[in-house]
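Take a look at the structure below.
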Amino acid sequence: MSRRLRDVTEGGSLSYDRILAIQHLSDVPNPWKGITMNRCLVLALVVLLVSSGVNELHDLYMGQFHVVVET
């Protein structure tokens, strides 16, 4: 393992000289490697559906206690 890659994987920071000296993108670790566009879209859809469901439940629950005051 090269020193440059070892510094990155061990949490060391790279100077601009070292960053510009990288020859291959495979030398740079990718924290988003497992995240695909499909997974991102599915996650966004799940968040949307859950938040919409919670909002509907909140409206239903608060609708039971709605008091109309006639003057």
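So the sequence shown is numbered by this note's numbering: it starts at 2 and just counts up by one.
Here a beta-carbon is modelled for each residue, glycine too, at the ideal position from N, C-alpha and C.
* To do: In angstroms with no decimal places, state the Cα-to-Cα distance between glycine 64 and methionine 38.
  => 39 angstroms
* Asked: So what's valine 55 in DSSP terms, helix, strand or just coil?
  -> When DSSP states are grouped into helix, strand and coil, valine 55 belongs to the helix group.
* **Coil, strand or helix - glutamine 24 by DSSP** => coil
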